């Protein structure tokens, strides 16, 4: 099965006391599936996975699998600083029915290319499940160059899907596809969808990101893949102002959660510390951009 | 004199053999002034100043001052790794008639806050000219936090203008203005104008960036400052797709130069190595976004 | 209770199949206590804590507390990317009888000073236990400047012990003590002890590091604190060649474990992937430096 | 000509008013040549080259070439952010009689392997002179992995000498030699000589560093290369305490210059801002380590 199209990275909603809010998570899943997404991704960076305990991780994954109920495939993030933990997470993901796992290079001050290849190879040898290689340097601290991504794809047949988040992404996608010629590689854009159109034009298979209106991404990708580039471009250009706003470095998660709260999915928009929470200025700017794009309707949970 | 409004950072055009193309530089200056900018900035990061020899720096500055001919004020970049060189550049800038200089923290592996304050204070003591403090961490390797920017503004009265390029910029602007309460601080957004509206809403005095259509920035800033927020927002939202595209990390300069070539200002769009040059895919994506925003007119130099 | 003297950071030994080797851990604890250390530190960076599951963390801590049996105080590392997890780890550490916890700033791409202070303050408010603030930029990605360390010490009375690992450490110690004047701050050197003498001369209270011969550190610190600087210096200078060798970036843990294996404490010197393991060249160089310092005796476990 | 043995990186001495002190530079050159070095390196990182103007660079190089007078070969640093400037510097170095140039990857936020190879290839095509490839990630911001160093050596025959300063250096040297098998590659250690013995054991051809007592490095390298490993090791282990002290991150240059002042070579130990200058604590610690190694003799210039 080739992973492609729009995969929405799920936020992890929290109650006011900071505990995981499984009920809101279920609503988000339904909202995203109703939006037409091709798949869901749990326990990603934007899911604040790094701020969950292992018990919470397991419970979140259970809720996701149960609520999704095979309507779409689920990718589970299993990145860990240690190989052994990464394998353990990957085993749990596979057992829970995930269609694939998503893994970044492990954080390590003196990491090198050989160690990165070795990491993916070792996970693949231990667990038989497709791997999405995540290339997001600000979080992993390591840039996976096109030749190295191609080398991973060659050495580890299970690791031929890439979530590419190292700008300029369109150019890098073109370079990867050239370096990996002859291999069936599938590349997802990320980064809030802010370069989705250009990524598709460069050969991307879709987007895997947490943008709070995945139906827009779906419309763009479907139009593009059915050959209607003009329509894809039009929808994209008209909406990228919002995508850009949502995907602010250091604030993106807080903005997304607030939008999902306004959409009636989340009870509470809180982010776990030390993640930044929404300030009044950003909230006012959000009002404005939502109004301009005609999406200002507000439907609080329980109303 | 308070610096505010739109200051366009000038590219440094090159001939096909790589030499500085002063004739094209003069055309860009005229194009930007015709676009209504409030000032020009020479020898910035986007001017590829780091790839010019000292002789070339001096000649570029001379061309800029001569062609601008006091129509608008000019800010000259004088960042250097050493304090002494920075002071020397600043002296040259002042002697040439620059209205202000723009300075980043010097690159140094173990730089600290005290050294940064000391650097700005020493330049200010040596040369009497307003200083624009540039906060652009990916290039300088040092993040100037709001409290430190306020400390610089307090200790160095000549250094109360800030070019802020550390996202999320709107939130950081709000924090700086709060930390610097009581001081007359002026903050410019940068980063290609991609968050200009939100920066203005947070209290920015304008934008200082190299976006190839500064007239759009001028329209936004003027509308905003005359109280017409709705118009400012409308112009901004409709054009930010283009700004975002132009401001691609690692490719921005190449795209900008190509746009300025198409606008008839530059004879040649080349960037000095190791700067990346424009690839076919990015060029095709540029065609599309320019067409969508109704700016596809092409007027090559000499035609 | 003021933490001071030599605190040995414990490695986490593994069996050949990669599981935690509690028996070897107990031997290391006894070896270090026999060496005269003033305390032990569990679950530090060098303990490969980032590569342990939560269950393993808990079991390691239990073994450490049980085997130490109050002979010396134990500091437990409780660093986590999320505040909530950090608090949970800290609660567990306190409940298990740890004398203090050791905490680094949480890893976050856009971390800032206020968030760092807030993190320590929130942990301190949630759990009443002394906190060792760890300043080790290569791992946390954030440098805590002297003024910020002093601010933390002022705002969070429980966080007045510092493990300083940001070179040049002697100079930074002097700056911290000056910035924190009036507060009872205690600073430990780290970094394998490679600057221990100079750190003591600058005002450090001791060393907290994983050097495999803590008895050498103990001799140095005791001589220094009893006024015998000449002896302290002599012991230090004669042994720092070995400390330097052991503390190689990216290899330190592998070398230490091999030394502890040769000392009869560890059954197996393995490091968890992606940590680097010992190569033949480094092993040969280790033989030589151990021979030169008269420490070549080999006593394998079970022999 | 294969570059090997001990190449001393020259400091750039300054007068009290900050101007370059050519007279002291000449004394340092004579001191180092009297110490038996195999070559000299001018305009390196430790020469504060980044804080010199172009005019000063040229004058320093002239003084070095003139004073050295072909007694030993001279390597000239020609690193620059732009390829064109790097080529210009390299041309000047060749014209002045330098035996080789030393070049780091250019600083650029999104630098990649292909651009690095292209940079060295373009310099080599423009100027026919041996190139020492400097791998010092904290300054260049880019780590050159063993395979990439081997690729450069293969593609650019003039670039087969490496100054390796990315720890753990002994292990990396072994990896490079393996990756470059069949090519005549010569690797210098750097980093103050702190791992010189282990680097030689791993296959290094010598050391290129600014340690203020190069005669010690010469003794070690000569002993090693004549097969007397025991003597090399003994000299190294007895002196590495001093090397380690001198090579403190962020302070190294200030310490070195002070030592060279005490040795009667420099009139003034000042470092150009923002480089850190010597504090009282570090100075006291220097007294102690010099006394212990029997090198406390003080001979001020002019006395």
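Protein chains in written order, with my numbering: chain A, 359 to 661; chain B, 359 to 661; chain C, 359 to 661; chain D, 359 to 661.
C-beta: ideal position from N, C-alpha, C; glycine also.
Fair warning: this is a prediction, and the values are worked out from it, not measured in the lab.
Which of the three DSSP states is assigned to residue i in this structure?
i                     : result
residue 390 (chain B) : helix
residue 422 (chain A) : helix
residue 498 (chain C) : helix
residue 574 (chain A) : helix
residue 450 (chain D) : helix
residue 460 (chain C) : strand
residue 639 (chain B) : helix
residue 466 (chain C) : coil
residue 539 (chain B) : coil
residue 359 (chain C) : coil
residue 397 (chain A) : strand
residue 472 (chain B) : helix
residue 513 (chain A) : helix
residue 364 (chain B) : strand
residue 493 (chain C) : strand
Count the other CB atoms, across all protein chains shown, that sit within 10 Å of the CB of residue i; report buried if there are 16 or more and exposed otherwise.
i                     : result
residue 638 (chain B) : exposed
residue 477 (chain D) : buried
residue 382 (chain A) : buried
residue 466 (chain D) : buried
residue 543 (chain D) : buried
residue 628 (chain A) : buried
residue 602 (chain B) : buried
residue 636 (chain A) : buried
residue 483 (chain C) : exposed
residue 471 (chain D) : buried
residue 665 (chain A) : The requested residue 665 (chain A) is not part of the displayed model; chain A covers only 359 to 661.
residue 536 (chain D) : exposed
With distances taken between CB atoms, is the gap from residue i to residue j smaller than 8 Å?
i                     : j                     : result
residue 557 (chain C) : residue 526 (chain C) : no
residue 435 (chain C) : residue 399 (chain C) : yes
residue 492 (chain C) : residue 462 (chain C) : yes
residue 507 (chain C) : residue 534 (chain C) : yes
residue 360 (chain D) : residue 608 (chain B) : no
residue 406 (chain B) : residue 566 (chain B) : no
residue 499 (chain D) : residue 630 (chain B) : no
residue 569 (chain C) : residue 547 (chain C) : no
residue 397 (chain C) : residue 432 (chain C) : yes
residue 362 (chain D) : residue 564 (chain D) : yes
residue 418 (chain A) : residue 395 (chain A) : no
residue 514 (chain B) : residue 538 (chain B) : no
residue 389 (chain D) : residue 623 (chain D) : yes
residue 640 (chain D) : residue 597 (chain D) : no
residue 364 (chain C) : residue 576 (chain C) : yes
residue 512 (chain B) : residue 541 (chain B) : yes
- Message: Residues of the region 542-566 of chain B in Cβ contact with chain C at a cutoff of 7 Å, in chain order, please.
- Response: none
- Entirely within the region 578-617 of chain C and at least 4 residues each: give me those alpha helix (DSSP H) ranges in chain order. 587-604
- Task: Could you list the residues in the region 402-413 of chain A with a C-beta less than 7 Å from some C-beta on chain C, going in chain order?
- Result: The region 402-413 of chain A vs chain C, Cβ under 7 Å: 408, 409, 411 and 412.
- Give, in chain order, every residue of the region 485-498 of chain D whose Cβ lies closer than 8 Å to some Cβ of chain C. Look at the region 485-498 of chain D: it has no residue with a C-beta under 8 Å from a C-beta of chain C.
- Item | Residues within the region 635-648 of chain A neighbouring chain B, beta-carbon criterion of under 8 Å | 637, 639, 640, 642, 643, 646 and 647
- Query: Which residues, in chain order, does the region 462-481 of chain A contribute to contact with chain D at a C-beta distance below 9 Å?
  - Reply: 468, 470, 471 and 472
- Item | Near-chain A residues of the region 597-611 of chain D - C-beta to any C-beta below 8 Å | none
- Task: Would you list, in chain order, the members of the region 514-527 of chain D that have their beta-carbon closer than 7 Å to a beta-carbon of chain A?
- Result: none
- For the region 517-567 of chain C, list the alpha helix (DSSP H) runs that are entirely contained and at least 4 residues long, ordered along the chain. 527-537 and 554-560
- the region 371-386 of chain C: positions lying closer than 8 Å to chain A by Cβ: 376
- Query: Any residues in the region 435-454 of chain B with a beta carbon nearer than 7 Å to a beta carbon of chain D? Which ones, in chain order?
  - Reply: 439, 440, 441, 442, 443 and 446
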